[in-house]
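> First residue of the sequence shown? That's 52 in our numbering, and the numbers climb one at a time after it. Think of the CB as a built atom: it goes at the ideal place given N, C-alpha and C, for glycine as much as any other residue.
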Amino acid sequence: MIALGILLVLVLLLVVFGLLFRLQILTSIFSGSSNREIGASNRVNAILFLVFLVVGGAAFAWSFADSFDDMNPPIASVHGHALERMFWTTMVILGIAFVLTQVLLFVYSYKYQYREGRRAFFFAHNNKIEIIWTLIPAVVMAALVFAGWKEWTRITGPAPKDAVVIEVMGKQFGWLARYPGRDQKLGVVNYRLIDASNDFGLDLNDESSLDDITFSSGALHIPKGHPIMFKIRSRDVLHAVYMPHFRVQMYAVPGMPTKFWFTPTLTTEEMRAKTGNPKFTYEIACNQICGRGHFAMRMEVIVEEPEDYIAWLSQQKSFSSQNPELMANLKKKAQSQKTVGATAPVGPAATAAVQSATPASL
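1) Sort Met142, Phe111, Gln235 and Val62 by Cα distance to Glu258 and report the nearest one.
2) Going by DSSP, what residue range makes up the alpha helix (DSSP H) through Val190?
3) Classify Asp246 as helix, strand or coil using the three-state DSSP reduction.
4) Quick check on the burial criterion: 16 or more other C-beta atoms within 10 angstroms. Buried or exposed for Asp417?
5) Is the beta carbon of Pro124 sitting closer than 8 Å to the one on His290?
6) Considering Gln153, what are the terminal residues of the alpha helix (DSSP H) in which it resides?
7) Please report the distance separating the alpha-carbon of Ile126 from that of Ala336.
8) What is the rounded straight-line gap between the Cα of Val391 and the Cα of Met348?
9) Could you pull the start and end residues of the beta strand (DSSP E) that Ile335 belongs to?
10) Reducing DSSP to helix, strand and coil, say where Tyr360 ends up.
11) Using the rule of at least 16 other Cβ atoms within 10 Å of the residue's Cβ for burial, across every protein chain shown, is His417 buried or exposed?
12) I need the boundaries of the beta strand (DSSP E) containing Ser285, first residue and last residue.
13) Could you give the DSSP three-state label for Val391: helix, strand or coil?
14) Could you give the DSSP three-state label for Val216: helix, strand or coil?
15) Would you check if the distance between the CB atom of Val216 and the CB atom of Met301 is smaller than 8 Å?
16) Can you tell me where the beta strand (DSSP E) holding Glu351 begins and where it ends?
17) Is Lys325 helix, strand or coil by DSSP?
18) Provide the residue(s) that pair with Lys222 in DSSP beta bridges, ordered along the chain.
19) Identify whether Pro315 lies in helix, strand or coil by the three-state DSSP scheme.
20) The beta strand (DSSP E) spanning Phe266 covers which residue range?
21) In whole angstroms, what is the alpha-carbon distance linking Val240 and Thr185?
22) Looking at Gln367: is its Cβ nearer than 8 Å to the Cβ of Ile264?
23) Would you kindly work out how many angstroms separate the C-alpha atoms of Phe174 and Tyr159, rounded to a whole number?
24) For Thr204 and Leu101, I'd like the C-alpha separation in whole angstroms.
25) For Asp254, which residues in the same chain have their Cβ closer than 8 Å to its Cβ, ignoring the five residues on either side in sequence?
26) List the endpoints of the continuous beta strand (DSSP E) containing Gln300.
27) Starting from Met307, trace the beta strand (DSSP E) in both directions and tell me its first and last residue.
28) With respect to the beta strand (DSSP E) encompassing Ala291, which residues constitute its N-terminal and C-terminal limits?
29) Could you spell out the range, first to last residue, of the beta strand (DSSP E) harbouring His272?
30) Going by DSSP in three states, Leu101 sits in which element: helix, strand or coil?
31) Quick check on the DSSP output: the alpha helix (DSSP H) that includes Gln373 runs from which residue to which?
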């Protein structure tokens, strides 16, 4: 922030100086002064271009070096290293192009400043130059896009068969998590069933939902060295699952499930030792402005050894066991529907009435 403030002050000062010299030029023109005064003003402006190039470049380099560790947290996933290599390859290529073009821009502004008697050279067209500066960027960008597409399809494609599947759902303003139970299957959900006691909208008519484990608070646990598949949803507006140390980011889009899989490589304790920070925690954060309480959208992520993860998971209770009243209401509803079916008069009209009152899932 200090570097940014200093750079901003320098830019504003240069703008002020530029405006003052521009005012001087206009004053000279309107007062009928000689071209000699205009030439002197242009020389000063040309020198300021070089000063801005040197000072601005030095400030940028210092700011980049000073903030490098904050911009690049340690990597804690397998695919993170491939993404990091791809990112820095792109940055180096773009950085070289940027520095080269900006240096030439400011140097040419100085070299070809106004001088009495100098005339501009009109360069109409050159097919060779057009082909070169079109073909080279096209080939380089195509290679970068292809590398990005290849990595993207891998991390958003099918996860390994032994992956731990976890559903993560964003809502204003927090994260919900759901784990499959012993059957290793996530049950059916229905947004129409979402209420104060059923955040996920679990359909308890589906047997696979009965052992699902849900969390609306606390930490999300995942095992080290094991593929993790996040199935991502949003309950209201656009959110984003952002986990910088795992190099994970995926939008949570209302009405459009997304997914992302990765393999963590460092437990929370190992990362604390690596960073020298005993209070370090992984987290899921939302990096899309989603409303007034956006700042609160954070869930701690605990990466632990597989045996510790299994021990923790075995102690968790399913959603159905924590909400016996929902199961009781479901049984009463099913019993009443059976009673209606048993006592209804026989006939086509009565049969149609019973069928229309019975949910398809039953």
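To lay it out plainly:
1) As a working mapping, residue 258 is identified with position 207 in the sequence shown. Residue Gln235 is the option with its Cα nearest to Glu258.
2) The residue given as residue 190 occupies position 139 in the sequence shown. Where Val190 is concerned, the enclosing alpha helix (DSSP H) stretches over Asn178 to Thr207.
3) Walking along the sequence shown from the start, residue 246 turns up at place 195. Strand, per DSSP.
4) This structure does not reach residue 417, given that the chain is present from 52 up to 413, and the question cannot be answered.
5) Position 73 of the sequence shown holds residue 124. Position 239 of the sequence shown holds residue 290. Result no, Cβ atoms of Pro124 and His290 do not sit closer than 8 Å.
6) Here residue 153 refers to the residue found at position 102 of the sequence shown. Counting along the chain, the alpha helix (DSSP H) containing Gln153 begins and ends at Val129 to Lys162.
7) Within the sequence shown, numbered from 1, the residue matching residue 126 stands at position 75. Within the sequence shown, numbered from 1, the residue matching residue 336 stands at position 285. Taking the straight line from one Cα to the other gives about 17 Å.
8) On the sequence shown, residue 391 is found 340 positions in, with the first residue counted as 1. On the sequence shown, residue 348 is found 297 positions in, with the first residue counted as 1. Because the pLDDT at Val391 is just 48, under 50, the model does not fix this residue reliably, and the point stays unresolved.
9) As a first step, residue 335 must be located in the sequence shown, where it is residue number 284. Taken as a continuous stretch (DSSP letters only), the beta strand (DSSP E) holding Ile335 covers Tyr333 to Ala336.
10) As a working mapping, residue 360 is identified with position 309 in the sequence shown. In this structure, Tyr360 counts as helix in the three-state DSSP scheme.
11) This structure cannot speak to residue 417, because the chain is shown only from 52 to 413.
12) For the purposes of this step, residue 285 is identified with residue 234 of the sequence shown, where counting begins at 1. That run of the beta strand (DSSP E) goes Ile279 to Ser285.
13) Position 340 of the sequence shown holds residue 391. Residue placement at Val391 is flagged as unreliable, the pLDDT there being 48, under the threshold of 50; a coordinate-derived value is accordingly withheld.
14) By 1-based counting over the sequence shown, the position of residue 216 is 165. Looking at Val216 - three-state DSSP - the assignment turns out to be strand.
15) The residue labelled residue 216 in the question sits at position 165 within the sequence shown. The residue labelled residue 301 in the question sits at position 250 within the sequence shown. In this structure, Met301 does not lie closer than 8 Å to Val216 by Cβ.
16) Counting from one through the sequence shown, the residue named residue 351 turns up at place 300. That run of the beta strand (DSSP E) goes Arg349 to Glu355.
17) Reading the sequence shown from its first residue, position 274 is the one you call residue 325. Lys325: helix per DSSP, three-state reduction.
18) In the sequence shown, residue 222 corresponds to position 171, counting from 1. Residue pairing by DSSP places Lys222 opposite Gly225 in a beta bridge.
19) For this step, residue 315 is matched to residue 264 along the sequence shown. Note: Pro315 maps to strand in three-state DSSP.
20) Position 215 of the sequence shown, counted from the start, is the residue given in the question as residue 266. From DSSP, the beta strand (DSSP E) with Phe266 extends over Ile264 to Phe266.
21) Here residue 240 corresponds to residue number 189 of the sequence shown, with the count starting at 1. Here residue 185 corresponds to residue number 134 of the sequence shown, with the count starting at 1. Going from the Cα of Val240 to the Cα of Thr185 covers about 51 Å.
22) Stepping through the sequence shown from its first residue, residue 367 is reached at position 316. Stepping through the sequence shown from its first residue, residue 264 is reached at position 213. It is a contact, given that the beta carbons lie within the stated cut-off.
23) By 1-based counting over the sequence shown, the position of residue 174 is 123. By 1-based counting over the sequence shown, the position of residue 159 is 108. Looking at the two C-alpha atoms, the distance is approximately 16 Å.
24) Numbered from 1 along the sequence shown, position 153 holds the residue referred to as residue 204. Numbered from 1 along the sequence shown, position 50 holds the residue referred to as residue 101. The alpha-carbon atoms of Thr204 and Leu101 are separated by roughly 45 Å.
25) Working through the sequence shown from its first residue, we reach residue 254 at position 203. Gly238, Val239, Val240, Asn241, Leu244, Ser260 and Ser412.
26) Locating residue 300 in the sequence shown gives position 249, counting from the first residue. Taken as a continuous stretch (DSSP letters only), the beta strand (DSSP E) holding Gln300 covers Val299 to Ala303.
27) One-based indexing of the sequence shown puts residue 307 at position 256. From DSSP, Met307 is part of no beta strand (DSSP E); its letter is neither H nor E.
28) The sequence position of residue 291 within the sequence shown is 240, counting from 1. Taken as a continuous stretch (DSSP letters only), the beta strand (DSSP E) holding Ala291 covers His290 to Met294.
29) Residue mapping note: residue 272 aligns to position 221 of the sequence shown, counting from 1. Its beta strand (DSSP E) spans residues Leu271 to Pro274.
30) Position 50 of the sequence shown, counting from 1, holds the residue named residue 101. It is helical.
31) The sequence position of residue 373 within the sequence shown is 322, counting from 1. Run containing Gln373: Phe370 to Gln373, per the alpha helix (DSSP H) assignment.
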